[in-house]
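Taking it in order: structure first as structure tokens, then the write-up.
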Amino acid sequence: MRSTQSFSLEKHSGPYEKWPRETRLFFDGEFTGTSIPGFIIEAQYELGPGYLIITSQDCPFEESNDFVLLDRQFRRIAHRQLLVWYETFLLNAHWPVADDALVLHYHETLFFKLSVKRRFFGRGYRFGLRHIRRFENDARMKESVRQLRERLSRTAR
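See the structure below:
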């Protein structure tokens, strides 16, 4: 899994309530022919089957993430949303832990492992999303928590 900066989303104007549910996706400035949920790209990676894009809604009342897997022709081959009522999912940090998996760090000590998995019998892909309950034994996660706390303490001053 390799980080990339090739994708961008169309910018919207006017009242937020009038924005479309999906946004046109661009690759190196060219329209891909695909639209995906979200208004802000939080992360983008190139991996075996194609590209993983993580988006958010850019709205304090819709703090969620959409995970979209595209093939090399930019067709959507998997999608999953992380959205729970009365919960916030502002992505703080993320990093690959395997060729097909990322760790996602949200607020304080909330971590998830997002993995790209082949469906049974090789027909397409799906996302696995597992809550990581014990981060204390992982140096990278502990450091991410420390950095977030430090950044928040500077902001509070």
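Taking our numbering, the leading residue of the sequence shown gets 732, the next gets one more, and so forth. For each residue, glycine too, the CB sits at the ideal point set by N, CA and C. Predicted, not measured: the structure shown is a model, and the values here were computed from it.
Provide the residue(s) that pair with residue i in DSSP beta bridges, ordered along the chain.
| i | result |
| --- | --- |
| Glu753 | Pro768 |
| Ala774 | Ile785 |
| Val828 | Partner(s): none; Val828 has no beta bridge. |
| Lys844 | Val834 and Arg861 |
Residue i to residue j, Cα distance in whole Å?
| i | j | result |
| --- | --- | --- |
| Phe805 | Gly855 | 14 Å |
| Arg880 | Glu874 | 10 Å |
With distances taken between CB atoms, is the gap from residue i to residue j smaller than 7 Å?
| i | j | result |
| --- | --- | --- |
| Gln788 | Phe738 | no |
| Ala809 | Arg849 | no |
| Gly779 | Arg803 | no |
| Pro827 | Leu833 | yes |
| Ile772 | Thr763 | no |
By the three-class DSSP mapping on this structure, what secondary structure does residue i have?
| i | result |
| --- | --- |
| Lys742 | coil |
| Gln736 | coil |
| Tyr856 | strand |
| Thr886 | helix |
| Leu835 | strand |
May I ask you to verify whether the stretch 782-801 touches the stretch 760-773, counting CB pairs closer than 8 Å and requiring at least 3? The stretch 782-801 makes contact with the stretch 760-773; the number of CB pairs closer than 8 Å reaches 3 or more.
For the stretch 743-755 against the stretch 817-826, are there 3 or more C-beta pairs whose distance is under 8 Å? Using a Cβ-Cβ distance cut-off of 8 Å, the stretch 743-755 and the stretch 817-826 are not in contact, since fewer than three pairs of beta carbons, one from each stretch, lie closer than that value.
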